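In our numbering, the protein residues as written are 7 to 256.
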């Protein structure tokens with residue numbers, strides 16, 4: 007006999023259709039096709055967010071994407087909230103990230119056409135009164151077409167990093183920057199720094215950093231890698247105030 011609230015199934019979602027403690031479950035009757043393609047968990051393991059792709063109806067090719075939010079109750083995860091893709095946006099929630107505190111979720115939609123074709127956006131949901139609601143919609147600062155903004159994303163302690171897989175790298179060209187540039191201003195500038203020269207590498211990938219200020223995410227800076235030969239930002243990982251970017255095909 008089951009006598010405690012230990013997670014008696016051992017996996018998510020609960021496919022048994024049994025709820026021995028009258029807990030809410032993510033009903034398997036909803037024709038789940040793909041569960042946990044992307045997920046995130048808070049540092050204290052109290053909040054777990056998981057994506058679920060499913061058919062709208064039996065023998066229907068239409069796929070509906072949902073984000074299921076679980077909370078730890080005792081020793082068991084229980085469904086707390088379900089967020090549905092707005093307006094059936096293509097590739098919504100292909101990648102999700104949960105901040106370490108478990109209070110903010112970033113959801114990518116890298117093929118969204120909000121401003122330009124396949125430019126991509128990132129939706130930010132923030133917890134208020136125990137529920138997550140949409141509070142921000144992030145768009146790429148470079149505003150390029152087919153940028154793929156949101157291909158990768160991850161939260162650090164006080165920031166969110168987002169990659170644009172097809173973003174253009176704009177690398178400043180410097181003149182006469184010597185070995186002692188850290189202590190002496192040796193660079194040659196033009197027109198009081200009004201005229202600049204840049205090397206633009208098309209579609210090589212860019213990683214943007216957004217800082218958390220008063221519970222809002224504000225664009226801070228971007229990372230580029232001048233020596234990249236392949237897509238930059240394909241794999242990103244944030245930990246504390248460090249950002250790690252993997253380039254497996256470099």
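Ideal Cβ placement from N, Cα and C applies to all residues, glycine included. In this text the structure is predicted, and so the values were computed from the model without any measurement.
Practice problem: State the beta-bridge partners of residue 90 as determined by DSSP. | Solution: Along the chain shown, one-based indexing puts residue 90 at 84. Per DSSP, 72.
Quiz prompt | Boundaries of the beta strand (DSSP E) in which residue 231 is found, first to last residue | solution = Your numbering for residue 231 matches position 225 in the chain shown. Counting along the chain, residue 231 falls outside any beta strand (DSSP E), and DSSP gives it neither H nor E.
Practice problem: Classify residue 140 as helix, strand or coil using the three-state DSSP reduction. | Solution: As a working note, residue 140 is residue 134 in the chain shown. Strand at residue 140.
Exercise. Report the residue from 32, 50, 55, 68 whose alpha carbon sits nearest the alpha carbon of residue 43.
Key: In the chain shown, counting from the first residue as 1, residue 43 sits at position 37. Out of 32, 50, 55, 68, 55 has the C-alpha closest to the C-alpha of residue 43.
Self-check item: Burial state of residue 207 (16 or more Cβ within 10 Å)
Solution: By 1-based counting over the chain shown, the position of residue 207 is 201. Because residue 207 sits at a pLDDT of 49, beneath the cut-off of 50, its placement in the model cannot be relied upon, and the point is left open.
Practice problem: Determine the contact status of residue 91 and residue 117, defining contact as a CB-CB distance below 7 Å. | Solution: Sequence index remark: in the chain shown, residue 91 carries index 85 (1-based). Sequence index remark: in the chain shown, residue 117 carries index 111 (1-based). No, Cβ-Cβ distance for residue 91 and residue 117 is not below 7 Å.
Quiz item: With residue 84 and residue 30 assumed to form a contact (beta carbons below 8 Å), what rounded beta-carbon distance in angstroms separates them?
Solution: Numbered from 1 along the chain shown, position 78 holds the residue referred to as residue 84. Numbered from 1 along the chain shown, position 24 holds the residue referred to as residue 30. 6 Å between Cβ atoms; contact.
Quiz prompt | Contact belief for residue 170 with residue 102 at Cβ below 8 Å, rounded distance in angstroms | solution = Indexing the chain shown from 1 puts residue 170 at position 164. Indexing the chain shown from 1 puts residue 102 at position 96. Residue 170 to residue 102, Cβ: 17 Å. No contact.
Self-check item: Limits of the beta strand (DSSP E) - the one that residue 132 falls within
Solution: For the purposes of this step, residue 132 is taken as the residue at position 126 of the chain shown. Start and end: 127-134.
Quiz item: Hey, how far is the Cα of residue 71 from the Cα of residue 230?
Solution: Position 65 of the chain shown holds residue 71. Position 224 of the chain shown holds residue 230. So the alpha carbons of these two residues sit roughly 32 Å apart.
Quiz item: What is the DSSP secondary structure of residue 25, reduced to helix, strand or coil?
Solution: Locating residue 25 in the chain shown gives position 19, counting from the first residue. Coil at residue 25, not helix or strand.
Quiz item: Where do the N-terminal and C-terminal ends of the beta strand (DSSP E) with residue 57 fall, by residue?
Solution: On the chain shown, position 51 is the one that residue 57 refers to. Per DSSP, residue 57 belongs to the beta strand (DSSP E) from 53-61.
Quiz item: Per DSSP, what kind of secondary structure is residue 207 in: helix, strand or coil?
Solution: Mapped onto the chain shown, residue 207 falls at position 201. Only weak support exists for where residue 207 lies, its pLDDT of 49 falling under 50; the value from the coordinates is given anyway. Here residue 207 sits in strand by DSSP.
Quiz item: Can you tell which of 68, 59, 239 has its C-alpha closest to the C-alpha of residue 74?
Solution: For this step, residue 74 is matched to residue 68 along the chain shown. The candidate whose alpha carbon is nearest that of residue 74 is 59.
Quiz prompt | Of the listed residues 163, 141, 226, 46, nearest to residue 128 (C-alpha basis) | solution = The count along the chain shown starts at 1 and reaches residue 128 at position 122. Looking at the Cα atoms, 141 is the closest of the given residues.
Self-check item: Identified DSSP bridge partners for residue 165
Solution: Locating residue 165 in the chain shown gives position 159, counting from the first residue. Its beta-bridge partners are 217.
Exercise. Compute the beta-carbon to beta-carbon distance between residue 130 and residue 110, rounded to the nearest angstrom, for a pair I have assumed lies under 8 Å.
Key: The residue you call residue 130 lines up with position 124 of the chain shown. The residue you call residue 110 lines up with position 104 of the chain shown. With 8 Å as the limit, residue 130 and residue 110 qualify as a contact, their Cβ atoms being about 6 Å apart.
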